[in-house]
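Working notes for the structure below.
Protein chains: 2
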Amino acid sequence: MTSDRIWTAALLVIGDEILSGRTQDKNIAQVAQWLNGEGIRLGEVRVVADREEAIVEAVNTLRARNDYLFTTGGIGPTHDDITVDAIAAAHGVSVVVHPAARAVLEKHYETRGGLTDARLRMARVPDGATLIENAMSGAPGIRLGNVFILAGVPHIAALMLQGLTGKLEGGHPMLSRTLGCWVPESEIADMLGATERAHAGCQIGSYPFFREGRVGANFVVRSTDAAGLDACVEDLAGRLAALGHTAVADGI
Amino acid sequence: MTSDRIWTAALLVIGDEILSGRTQDKNIAQVAQWLNGEGIRLGEVRVVADREEAIVEAVNTLRARNDYLFTTGGIGPTHDDITVDAIAAAHGVSVVVHPAARAVLEKHYETRGGLTDARLRMARVPDGATLIENAMSGAPGIRLGNVFILAGVPHIAALMLQGLTGKLEGGHPMLSRTLGCWVPESEIADMLGATERAHAGCQIGSYPFFREGRVGANFVVRSTDAAGLDACVEDLAGRLAALGHTAVADGI
Numbered sequence: 001m002t003s004d005r006i007w008t009a010a011l012l013v014i015g016d017e018i019l020s021g022r023t024q025d026k027n028i029a030q031v032a033q034w035l036n037g038e039g040i041r042l043g044e045v046r047v048v049a050d051r052e053e054a055i056v057e058a059v060n061t062l063r064a065r066n067d068y069l070f071t072t073g074g075i076g077p078t079h080d081d082i083t084v085d086a087i088a089a090a091h092g093v094s095v096v097v098h099p100a101a102r103a104v105l106e107k108h109y110e111t112r113g114g115l116t117d118a119r120l121r122m123a124r125v126p127d128g129a130t131l132i133e134n135a136m137s138g139a140p141g142i143r144l145g146n147v148f149i150l151a152g153v154p155h156i157a158a159l160m161l162q163g164l165t166g167k168l169e170g171g172h173p174m175l176s177r178t179l180g181c182w183v184p185e186s187e188i189a190d191m192l193g194a195t196e197r198a199h200a201g202c203q204i205g206s207y208p209f210f211r212e213g214r215v216g217a218n219f220v221v222r223s224t225d226a227a228g229l230d231a232c233v234e235d236l237a238g239r240l241a242a243l244g245h246t247a248v249a250d251g252i
Numbered sequence: 253m254t255s256d257r258i259w260t261a262a263l264l265v266i267g268d269e270i271l272s273g274r275t276q277d278k279n280i281a282q283v284a285q286w287l288n289g290e291g292i293r294l295g296e297v298r299v300v301a302d303r304e305e306a307i308v309e310a311v312n313t314l315r316a317r318n319d320y321l322f323t324t325g326g327i328g329p330t331h332d333d334i335t336v337d338a339i340a341a342a343h344g345v346s347v348v349v350h351p352a353a354r355a356v357l358e359k360h361y362e363t364r365g366g367l368t369d370a371r372l373r374m375a376r377v378p379d380g381a382t383l384i385e386n387a388m389s390g391a392p393g394i395r396l397g398n399v400f401i402l403a404g405v406p407h408i409a410a411l412m413l414q415g416l417t418g419k420l421e422g423g424h425p426m427l428s429r430t431l432g433c434w435v436p437e438s439e440i441a442d443m444l445g446a447t448e449r450a451h452a453g454c455q456i457g458s459y460p461f462f463r464e465g466r467v468g469a470n471f472v473v474r475s476t477d478a479a480g481l482d483a484c485v486e487d488l489a490g491r492l493a494a495l496g497h498t499a500v501a502d503g504i
């Protein structure tokens with residue numbers, strides 16, 4: 001039984017490479033989609049540089065006002081990987097070497113040149129933290145209270161999320177259905193707003209596009225209530241038809 | 253002549269579609285890369301939902317502590333487009349119809365069914381705002397003080413940025429060079445840190461990858477000083493060679 005309480009999460013993306021435009025972030029969409037399935041709503045995202053004071057400020061704001069905070073990036077072995085130190089500082093705890101993380105790394109590097117000081121950096125965690133399993137890479141993710149510290153490399157972050165699937169308390173999963181239509185959104189804007197107002201608990205997002213020389217829009221209806229969602233989608237399709245437009249199920 | 257002052261910008265991405273994971277954001281990288289060329293550093297990014305209080309909080313924090321604030325999303329004609337109202341509220345000004353924006357829209361919709369009330373919404377601006385040219389779409393971007401309100405659709409945002417190119421005061425452009433190497437970053441982590449410390453004004457980022465069954469990393473050196481940048485890259489290549497590794501110019 002899930003409750004009607006809405007569970008929220010924030011995401012903090014840590015890394016100069018995102019802010020410089022060198023790397024196109026993929027973790028925002030990935031974490032958002034994973035949270036949907038867990039019944040947790042991604043409420044806000046911040047991207048900050050590899051600077052301790054910026055990380056501390058964001059961590060303390062975001063963990064206080066959300067049920068969960070996820071971070072990505074900055075947990076490797078190099079000098080620009082300062083996430084663990086910054087999150088420890090944000091919590092006012094010291095950094096320690098986690099024995100189980102050390103053991104995982106020792107095993108991983110047994111046949112890869114051994115556990116050097118630099119590699120041992122990846123076993124450092126804020127005091128009191130537990131590990132998030134990661135089957136593939138030697139470096140584990142880290143949990144400290146409601147903060148989940150994930151890798152920046154998207155496929156490693158994905159493995160860590162997989163390790164958390166079904167383990168966090170959430171509410172009703174957010175459901176969504178999409179209708180597409182070859183219509184300029186400005187033509188049906190008033191009707192869209194009226195449709196949303198007529199269906200409490202449903203939100204309608206309108207996402208215009210330009211394709212094949214024509215304009216259209218996808219209308220994404222979201223709700224935690226399956227019956228309410230279906231009713232809203234049906235109503236929207238009817239109202240589009242009444243204005244002479246054909247709705248395309250699952251979007252265009 | 254550009255000064256040594258560092259000019260900073262923040263980006264606020266507004267939109268439920270990013271937080272739901274439906275849409276993969278492309279504006280962060282796009283705005284970051286454009287800012288690099290203008291000599292302005294992207295210092296922080298936030299993503300918030302289509303909720304007025306969330307937008308107001310972010311706008312007022314970010315515009316106060318950065319030289320410039322850019323926003324993307326929420327300036328279309330539908331009910332979920334609340335960016336203009338929220339930014340007006342953040343500045344404590346009312347929303348007015350901008351005569352020139354109205355004229356642009358009237359012309360654009362002349363042969364497309366005329367200027368309806370919904371379309372006229374796109375001519376609404378915070379009182380005191382000026383327009384940002386946009387050659388392709390009828391909807392112009394908006395400038396209010398140090399806040400630049402851009403479209404969410406990436407190619408329209410790109411046109412608006414184009415209209416701003418060369419018009420904002422900035423400092424020395426950030427320069428970067430990349431060296432790639434087929435080496436686990438954990439093997440050369442100490443050397444990397446030492447190299448960065450030996451070159452004041454240069455930052456070295458280390459970005460590991462797994463490809464063709466092998467691990468490697470790209471090292472991105474960044475500086476506003478071209479000679480210092482070259483010296484750091486040369487030193488780094490030499491130190492890699494001394495450890496038995498071949499650096500690949502321009503990265504792998």
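Residue numbers (this note's numbering), protein chains in the order written: chain R, 1 to 252; chain Y, 253 to 504.
Quick reminder that beta carbons are idealized off the backbone N, C-alpha and C, glycines included.
- Interface annotation for the region 278-291 of chain Y against chain R: Lys278, Ile280, Ala281, Gln282, Val283, Ala284, Gln285, Trp286, Leu287 and Asn288, criterion Cβ-Cβ distance under 9 Å.
- Cβ neighbours of Gly163(R) within its own chain (closer than 6 Å, five residues either side excluded): Ile132 and Glu133.
- In the displayed model, Ile75(R) falls within coil according to three-state DSSP, outside both helix and strand.
- Here DSSP, grouped into helix, strand and coil, assigns Gln24(R) to coil.
- If you check the CB distance, Gly171(R) and Trp7(R) come in under 8 Å.
- Here the alpha carbons of Arg5(R) and Val31(R) stand approximately 20 Å from one another.
- Here the C-alpha atom of Ser94(R) lies approximately 50 Å from the C-alpha atom of Gly251(R).
- At least one CB atom of chain R sits nearer than 8 Å to the CB of Gly365(Y).
- Per DSSP, reduced to three states, the secondary structure at Ala381(Y) is coil, with no helix or strand assignment.
- Cβ proximity to chain Y below 8 Å picks out Val220 and Arg222 from the region 216-231 of chain R.
- Glu44(R) is bridged by DSSP to Ala10(R) and Val300(Y).
- Taking the C-beta atoms as reference points, Arg119(R) is found nearer than 8 Å to Ser438(Y).
- Here Ile156(R) is not near Gly74(R), since their CB atoms are 8 Å or more apart.
- Taking C-alpha positions only, Val336(Y) is separated from Pro460(Y) by approximately 41 Å.
- With a threshold of 8 Å between beta carbons, Arg315(Y) makes no contact with chain R.
- Interface criterion not met: the Cβ of Thr71(R) is under 8 Å from no Cβ in chain Y.
- Buried is the label assigned to Pro392(Y), since at least 16 other Cβ atoms lie within 10 Å of its Cβ.
- Non-local beta-carbon contacts of Ala489(Y) in its own chain, meaning distances under 7 Å to residues more than five positions away in sequence, involve Leu431 and Ala499 in chain order.
- Three or more Cβ pairs closer than 8 Å define a contact, and the region 316-334 of chain Y meets that threshold against the region 395-407 of chain Y.
- Minimum Cα-Cα distance from Asn288(Y) among the listed residues Asp50(R), Glu17(R), Glu52(R) and Asn27(R) corresponds to Glu17(R).
- Taking all protein chains in view, the Cβ of Pro99(R) is surrounded by fewer than 16 other Cβ atoms within 10 Å, so the residue is classified as exposed.
- For Cys181(R), the enclosing beta strand (DSSP E) begins and ends at Leu175 to Cys181.
- According to the DSSP assignment, Leu236(R) belongs to the alpha helix (DSSP H) that extends over Ala226 to Ala242.
- When the beta-carbon positions are compared, Cys181(R) and Gly213(R) stay at least 8 Å from each other.
- Taking C-alpha positions only, Glu421(Y) is separated from Arg303(Y) by approximately 31 Å.
- Its Cα nearest to that of Ala194(R), the residue Leu240(R) stands out among Phe210(R), Leu175(R) and Leu240(R).
- Nearest in C-alpha terms to Met160(R), of all of Asn27(R), Ala10(R) and Ser176(R), is Asn27(R).
- Counted as a single uninterrupted DSSP element, the alpha helix (DSSP H) harbouring Ala103(R) occupies residues Pro99 to Tyr109.
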